[in-house]
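Before any comments, here is the structure.
There are 2 protein chains.
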Amino acid sequence: MNNAGIPAATDQVRRQNTALILRSLRMNGPSTRADLAKRTGLAKATVGTIIGQLDLAGAVVEDQAQASGRGRPGRPVVLTGERTIGVGLEINVDYMSAVALDLSGRERLVETRPLAAGATPEDLVSFAVALTQRLEDDGHTIVGVTAAVPGLVDRAAGIVSSAPNLHWSQVPLRDLLAARLSPGAVVSIDNDANCAALAEGSRGAAVGSPSALYLTGTVGVGAGILVEGQVLRGGSGFAGEVGHMPIGDPRVACGCGRSGCWEASIGLRAMLTAVGMAESGTPLETARAVADRAQDDASVRDGLDSLANWLGNGIAVLSNILNPSIVILGGYFVPIGTYLVPQIREIVDAKVLAAPLQETEICLSGLGIHAAATGAAEEALSVVYAGAI
Amino acid sequence: MNNAGIPAATDQVRRQNTALILRSLRMNGPSTRADLAKRTGLAKATVGTIIGQLDLAGAVVEDQAQASGRGRPGRPVVLTGERTIGVGLEINVDYMSAVALDLSGRERLVETRPLAAGATPEDLVSFAVALTQRLEDDGHTIVGVTAAVPGLVDRAAGIVSSAPNLHWSQVPLRDLLAARLSPGAVVSIDNDANCAALAEGSRGAAVGSPSALYLTGTVGVGAGILVEGQVLRGGSGFAGEVGHMPIGDPRVACGCGRSGCWEASIGLRAMLTAVGMAESGTPLETARAVADRAQDDASVRDGLDSLANWLGNGIAVLSNILNPSIVILGGYFVPIGTYLVPQIREIVDAKVLAAPLQETEICLSGLGIHAAATGAAEEALSVVYAGAI
DNA sequence: AGTATTAGTACGAGTCTTGAACTAAGTCAA
DNA sequence: TTGACTTAGTTCAAGACTCGTACTAATACT
């Protein structure tokens with residue numbers, strides 16, 4: 010077996026068409042078999058066969074027949090899969106989050122725990138074990154678990170190569186989780202910005218977008234880059250480390266030990282220096298305090314202008330390279346976003362070659378602090394929609 | 010039919026496995042049916058059936074049986090497809106090129122024509138018509154024709170949106186070509202750097218690489234970004250315009266009308282300013298003259314050091330974003346590359362966050378001035394390898 | 001000369017989808 | 001009220017494809 014590809018047989022046909030029908034139900038909601046046939050292009054007979062199978066598997070139920078005008082009333086098929094769960098986890102400096110989604114994408118559980126400094130992998134593993142045990146005791150089947158971590162994540166090897174803010178290095182997190190969780194679930198780990206981008210792609214601002222760039226804003230700044238709904242990973246999975254592009258103020262030192270990193274000019278600390286304020290709580294709380302002050306304090310607004318300039322320049326760099334349809338600002342950028350976006354918009358229009366030909370939307374994330382855990386849960390469910398289960 | 014995907018049936022299975030076998034033959038050269046079965050994971054019986062079909066279609070021939078040690082000697086199957094042709098075209102400021110590849114990737118025709126300033130789309134169309142007519146008169150079947158153009162190419166619409174160096178704007182090149190070429194060929198157009206990157210991915214330095222970045226070096230600078238062998242296109246197909254990242258010397262004006270573009274600091278003209286020399290012929294000839302002078306002139310070497318610094322900084326930016334396994338310098342960078350690469354290497358090692366974890370290879374393209382036309386020809390053939398024909 | 005090994009083909013069973021035919025369940029018009 | 005029409009859903013047989021097994025083919029080895 011070489012890397013020219015994988016052989017195909019008729020069982021792949023069934024798997025592919027099953028996944029197609031699941032995706033169609035996910036996208037369009039309850040549908041009759043006849044609707045599904047029209048939408049997917051499959052024969053009515055095929056749809057009927059596959060729905061029968063999904064019914065047996067408990068992934069769909071049939072609703073009451075509904076009058077539809079002339080002709081026999083159709084019986085809508087509803088994607089439930091209430092018992093089929095994907096679990097997303099996120100660990101960050103001062104909190105851990107978990108989100109459990111069922112097959113239709115509904116949240117079955119959302120939970121956040123504060124963390125003291127010095128979080129260990131064992132904290133996340135224990136959290137995950139307790140939570141998944143509860144779900145399983147309730148009769149759920151967990152098909153996948155994905156953990157989101159802020160840092161360089163070698164997804165293929167299942168190792169957190171480096172997460173400076175957590176003081177983690179070379180942590181085999183996937184295997185630590187897999188050893189303690191039920192054998193049936195597919196366990197994976199990913200970078201937190203990548204996961205948040207996935208959430209935007211499935212239920213946020215990037216739904217339907219061919220190409221999207223998501224920027225996390227905390228002390229550190231990272232990006233998740235979506236290409237046709239898939240994360241751009243790079244040669245070793247380390248794509249998206251935009252915070253360390255050497256395009257920031259060359260006089261400013263970065264937490265990574267270099268000077269001139271973009272992150273050192275646009276991260277939370279740089280913003281606070283620019284507006285002349287101090288931290289007050291979490292990054293989001295701090296940003297809200299800054300937004301409040303900006304309403305009456307011109308020097309704070311000046312500081313935010315300066316931040317927007319650095320931010321806009323980096324986004325122009327990224328836009329020339331990636332040509333994203335949409336740029337989404339997340340994290341601490343959201344509460345102060347109204348002071349940033351107009352200026353970013355101007356810079357992008359001025360400095361991106363393709364700007365006259367394509368309008369790049371720039372917006373603020375609406376997904377809140379559970380974005381990464383939600384995207385991780387979507388990723389944990391992706392095995393079903395890809396037809397692997 | 011919606012965008013949840015396309016339905017599958019058993020005819021797709023055959024197509025997929027046929028393409029798999031074609032790709033395996035392309036990658037591994039002449040192989041027995043038993044070898045192909047081992048490599049692809051398909052059953053011997055299936056391989057035999059598919060090869061029989063390809064034999065009938067004239068895509069393969071059987072070679073002499075060869076002794077192989079114990080057991081029955083195998084009869085190698087050779088991918089010929091001599092009569093199946095993909096044509097790649099390139100138009101640039103002072104030349105047009107064409108490359109015709111057969112199904113096994115062998116060059117069947119390579120041709121270059123000088124161009125006077127003011128090239129029109131009609132020049133390329135006439136060139137293409139004459140050339141494809143010749144191929145067809147020789148009994149060849151052209152499955153695809155792809156034209157590479159330096160500029161912003163809207164591939165989906167088949168329009169060259171903007172090619173400043175050619176003074177083209179909104180040229181419907183795909184349709185102009187399709188109207189004059191045989192109806193059987195699939196016609197497409199693409200950006201020249203994207204095409205050159207494809208050539209590197211199929212027969213150059215990026216073969217087998219999960220992620221590659223190719224930089225063209227002429228007056229303009231652009232990039233082709235490969236992700237798993239596919240070009241990264243972005244929301245409207247304009248990804249890769251790295252020359253206009255605003256990370257160059259802010260005092261220097263760029264041909265695009267802005268200041269501070271990377272291209273204005275690393276393009277041919279910037280290099281000549283830095284080394285204090287004048288153009289002498291084509292960009293490649295000029296670069297060769299610079300390389301010769303650099304051997305004994307320290308000020309030229311200083312100028313090249315300065316160029317390498319700008320280049321290295323931009324490559325560090327790109328590497329933090331994209332995490333390429335390999336960076337390939339093409340065009341005028343090649344003759345002077347030995348003066349550039351060591352310093353680029355140092356900058357990348359110093360400024361890329363993932364550098365301690367992944368070695369990014371930096372090398373010079375070996376494909377010469379036909380890189381873009383060759384990549385375009387590979388792209389023209391891709392319909393076969395994807396199983397569409 | 002017989003055995004072992006590897007290449008390649010023939011054959012029947014299994015999976016999957018499809019279109020046509022049919023049944024089911026309504027609306028509409030005479 | 002009845003029959004025609006329309007749309008939903010199921011049944012059935014045919015077609016496409018792959019597979020494993022059994023077999024034939026063609027060598028090397030003992």
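Going line by line, the protein sequences match chains A and B.
Position one of the first sequence corresponds to residue 10 (our numbering), numbered consecutively onward.
Position one of the second sequence corresponds to residue 10 (our numbering), numbered consecutively onward.
Even for Gly, the Cβ is constructed at its ideal location relative to N, Cα and C.
Collapsed DSSP secondary structure at residue i in the structure displayed
i	result
residue 112 of chain B	coil
residue 255 of chain B	coil
residue 101 of chain B	coil
residue 123 of chain A	strand
residue 338 of chain B	strand
residue 233 of chain B	strand
residue 117 of chain A	strand
residue 392 of chain A	helix
residue 141 of chain A	helix
residue 368 of chain A	coil
residue 5 of chain B	Shown here, chain B extends from 10 to 398; a query on residue 5 of chain B therefore has no answer.
residue 186 of chain B	helix
residue 328 of chain A	helix
residue 151 of chain B	strand
residue 75 of chain A	strand
residue 287 of chain B	coil
residue 198 of chain A	strand
residue 357 of chain A	helix
residue 15 of chain A	coil
Residue burial classification, residue i (beta-carbon count within 10 angstroms, cutoff 16)
i	result
residue 15 of chain A	exposed
residue 176 of chain A	exposed
residue 361 of chain B	buried
residue 131 of chain A	exposed
residue 163 of chain B	buried
residue 269 of chain A	buried
residue 10 of chain B	Below a pLDDT of 50, predicted positions are generally treated as unreliable, and residue 10 of chain B, at 44, falls in that range; the measurement from the model is reported next regardless. That one is exposed.
residue 137 of chain A	buried
residue 19 of chain A	exposed
residue 79 of chain A	exposed
residue 255 of chain A	buried
residue 17 of chain A	buried
residue 81 of chain A	exposed
residue 61 of chain B	exposed
residue 26 of chain B	buried
residue 367 of chain B	buried
residue 260 of chain B	exposed
residue 288 of chain B	exposed
residue 143 of chain B	exposed
residue 387 of chain B	buried
Contact check, residue i vs residue j, beta carbons under 8 Å
i	j	result
residue 263 of chain A	residue 250 of chain A	no
residue 222 of chain A	residue 316 of chain A	no
residue 313 of chain B	residue 284 of chain B	yes
residue 205 of chain B	residue 339 of chain B	yes
residue 195 of chain A	residue 152 of chain A	yes
residue 225 of chain A	residue 231 of chain A	yes
residue 385 of chain A	residue 97 of chain A	yes
residue 70 of chain A	residue 56 of chain A	no
residue 100 of chain B	residue 158 of chain B	yes
residue 38 of chain B	residue 68 of chain B	no
residue 326 of chain A	residue 369 of chain A	no
residue 133 of chain A	residue 103 of chain A	no
residue 266 of chain A	residue 319 of chain A	no
residue 186 of chain B	residue 154 of chain B	yes
residue 321 of chain A	residue 353 of chain A	yes
residue 160 of chain B	residue 200 of chain B	yes
Does the segment 380-389 of chain B come within contact of the segment 344-359 of chain B, defined as at least 3 CB pairs closer than 8 Å? no
Closer than 8 Å, Cβ to any Cβ of chain A: which residues of the segment 253-267 of chain B, in chain order? 253, 254, 255, 256, 265 and 267
Touch check for the segment 95-110 of chain A and the segment 120-130 of chain A: three-plus C-beta pairs under 8 Å? yes
Determine which residues of the segment 46-79 of chain B have a Cβ less than 9 Å from any Cβ of chain A, and write them out in chain order. 47, 48, 49, 50, 51, 52 and 55
What residues from the segment 163-194 of chain B come within 9 Å of chain A, judged by C-beta to C-beta, listed N to C? 163, 170 and 171
Closer than 9 Å, Cβ to any Cβ of chain B: which residues of the segment 332-356 of chain A, in chain order? 332, 333, 334, 335 and 356
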